[in-house]
Structures are given as structure tokens and as C-alpha cells.
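Note that the sequence shown covers residues 4 to 77 in the numbering used here.
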Amino acid sequence: MSKRLTRELVARHAVAACKVERGFELPRWLYIMTVALYLAFLAMMAAGLPISEPIFPAFVLDWGLAERTIAALT
């Protein structure tokens with residue numbers, strides 16, 4: 004059932020450590036930009052917490068959606 008494993012037997016069947024790349028072969032600048040955008044998003048959210056008004060004015064976020072919706076309903 005069980006057998007005694009010697010050091011030599013284990014060393015013979017051991018798998019050598021290999022270098023694993025977990026970067027999906029994407030460029031380094033893409034990772035840096037992703038982190039920068041994430042930190043900017045967190046800073047914007049933190050800046051907006053103490054105030055009750057939106058950080059962006061409505062006309063920036065609207066982009067003419069209200070006019071198109073009203074035109075579609077009429």
C-alpha cells in the first residue's frame with residue numbers, strides 16, 4: 004500500500020521550477036495605464052463623496068440623449 008520514498012527517488016521524479024509569465028504578453032505601458040486610470044477613478048469617486056452635486060455637469064454626461072428621447076416620443 005505505502006512505500007518508502009527515498010530522497011534520490013523524489014529528486015529523480017521532481018519537476019524543475021520554471022519561469023511562468025502571467026502577463027498575457029501585453030506591453031508594460033498597458034498595465035501602467037490601467038493602474039493610472041484605476042487610481043484616477045478612485046480619486047474622482049473620493050472627491051465626489053463629500054458633495055451632493057454631481058462631479059460632471061449634466062450637459063457633459065447627457066450628450067444630447069434627452070433631445071433624442073423627446074424626439075423619439077413625439
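By construction, the Cβ of each residue, glycine as well, lies at the ideal position given by its N, Cα and C atoms.
Legend entry - C-alpha gap between P34 and K22, whole angstroms: It should be noted that the sequence gives Tyr, not Pro, for residue 34. Using only the alpha carbons, I get a separation of about 20 Å.
Inset, instruction - Report the rounded CA-to-CA distance for A5 versus A20, giving the unit in angstroms. - result: Here residue 5 turns out to be Ser, not Ala, going by the sequence shown. Straight-line Cα distance between these residues: approximately 27 Å.
Inset, instruction - Give the range of the alpha helix (DSSP H) segment to which I54 is assigned. - result: Premise fails: I54 is in no alpha helix (DSSP H) and is neither H nor E.
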